[in-house]
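Student:
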Amino acid sequence: MTSAIISVDAEPYTYEFEPYHAALLIIDMQRDFLEPGGFGEMLGNDVSQLRRTIEPNQRLLAVWRSKGWTVIHTREGHRPDLTDLPPAKKVRGRGKTTIGDPGPMGRILIRGEPGHDIIPELYPLSKEPVIDKPGKGAFFATDLHAILQNLGIQKLVVTGVTTEVCVNTTVREANDRGYDCLVPEDCVGSYFPKFQEMGLQMIKAQGGIFGWVSDSERILAALEEENSEPRKR
Ligand code: C5J
Numbered sequence: 036m037t038s039a040i041i042s043v044d045a046e047p048y049t050y051e052f053e054p055y056h057a058a059l060l061i062i063d064m065q066r067d068f069l070e071p072g073g074f075g076e077m078l079g080n081d082v083s084q085l086r087r088t089i090e091p092n093q094r095l096l097a098v099w100r101s102k103g104w105t106v107i108h109t110r111e112g113h114r115p116d117l118t119d120l121p122p123a124k125k126v127r128g129r130g131k132t133t134i135g136d137p138g139p140m141g142r143i144l145i146r147g148e149p150g151h152d153i154i155p156e157l158y159p160l161s162k163e164p165v166i167d168k169p170g171k172g173a174f175f176a177t178d179l180h181a182i183l184q185n186l187g188i189q190k191l192v193v194t195g196v197t198t199e200v201c202v203n204t205t206v207r208e209a210n211d212r213g214y215d216c217l218v219p220e221d222c223v224g225s226y227f228p229k230f231q232e233m234g235l236q237m238i239k240a241q242g243g244i245f246g247w248v249s250d251s252e253r254i255l256a257a258l259e260e261e262n263s264e265p266r267k268r
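With this note's numbering applied, the sequence shown corresponds to residues 36 to 268, in that order.
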C-alpha cells in the first residue's frame with residue numbers, strides 16, 4: 036500500500052514519512068507517573084511537568100486515529116509474582132517503597148493495578164496494541180519489533196514519559212534496529228526541566244544521531260495537507 040509523503044519541519048532537518056509505514060508510539064502515559072497522588076508524586080516529583088504533555092498528545096492522537104493510522108501504547112511494569120523484575124531494579128534507589136510494594140494506586144508498577152494503567156485522557160482503543168515492557172526501552176523483552184515489522188512500519192513518532200528515561204531508551208533501541216524516530220518536544224515530559232532539554236538535544240545532535248525533534252503544532256500543520264484514504268485492516 037502506498038501513501039503520500041508527509042514532510043514535517045523538524046531539527047536537525049525535515050522529517051519525512053509515509054503514513055502507512057509510520058506509527059505513533061506513546062510511551063508509558065501511566066497513572067502512577069502522571070496523576071497527582073500517584074507513585075511519581077509520592078517520590079517528591081512535580082507531576083505538572085508531565086501533565087503538560089497530555090493535551091498535545093490528545094490532539095496528535097485524535098488526528099492520527101481519525102486517519103486510521105497505526106497507534107501503539109506502552110506501559111512499564113511487572114508480573115504480580117515479580118519473576119520478571121531484576122533484583123537490581125527492585126533495590127535501586129534504596130527507597131522505602133519500591134516496585135511491587137503497596138502504593139497509593141495499588142502495587143507499584145504491577146500489571147493489572149490501577150496505577151499501572153494508562154491515563155483515561157489517552158486510553159487505548161481495543162484495536163491499538165499495548166506493549167507491556169519490563170524495562171525502560173520498549174524493544175527489550177517485548178514483541179514490539181515483530182509487530183512493527185509485520186505492519187511494515189519503519190518510521191516512529193515517539194511521545195510520552197519520561198524524556199530522558201523510557202523515551203530516550205526506546206528511541207536509541209529503535210535507532211539501532213533501523214527505525215527513524217521523530218520526537219515532538221511538547222508531547223514528551225520529564226520531572227526535571229534540565230533533563231527535558233538535554234534529552235531532546237541528545238536525540239537531534241550530530242545531524243540527528245538518534246532521530247529528529249519537532250513539536251505537535253508542526254506535525255499537525257504537515258498533516259493538514261494530507262488527505263489519503265484512512266487505512267483499512
Ligand atoms: C521511569 C519511564 N522514569 N517511563 N520510567 O522510571 O520513563
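For glycine and all other residues, C-beta sits at the position ideal for the given N, C-alpha and C.
I'd like to check one pair, I41 with E261: are the Cβ atoms closer than 7 Å?
Tutor: Contact: yes.
Student: Where DSSP assigns a beta bridge to K239, which residues make up the other side?
Tutor: According to DSSP, K239 bridges with nothing at all.
Student: Could you check whether D63 and E111 sit closer than 7 Å to each other, using their CB atoms as the reference points?
Tutor: Cβ distance < 7 Å, so E111 and D63 count as in contact.
Student: Measure the CB-CB distance between V43 and A209 and report whether it falls below 7 Å.
Tutor: No, they are not a contact pair.
Student: Please report the Cβ distance between F175 and C216, rounded to the nearest whole angstrom; I am assuming they are in contact, meaning their Cβ atoms lie under 8 Å.
Tutor: Contact flag wrong, Cβ pair sits at about 16 Å.
Student: CB of V273 to nearest heavy atom of the ligand C5J: below 6 Å?
Tutor: Residue numbering for the chain in the displayed model covers 36 to 268; residue 273 lies beyond these limits and cannot be assessed.
Student: Mapping the DSSP letters down to three states, classify E111 as helix, strand or coil.
Tutor: Three-state DSSP puts E111 in a strand.
Student: What is the rounded straight-line gap between the Cα of P71 and the Cα of T197?
Tutor: So the alpha carbons of these two residues sit roughly 16 Å apart.
Student: Flag this pair as touching only if the region 170-188 and the region 131-151 have three or more C-beta atom pairs under 8 Å; answer yes or no.
Tutor: Contact fails: fewer than three Cβ-Cβ distances are below 8 Å.
Student: Indicate, with yes or no, if the ligand C5J has a heavy atom lying under 6 Å from the CB of D63.
Tutor: For the ligand C5J, at least one heavy atom lies less than 6 Å from the Cβ of D63.
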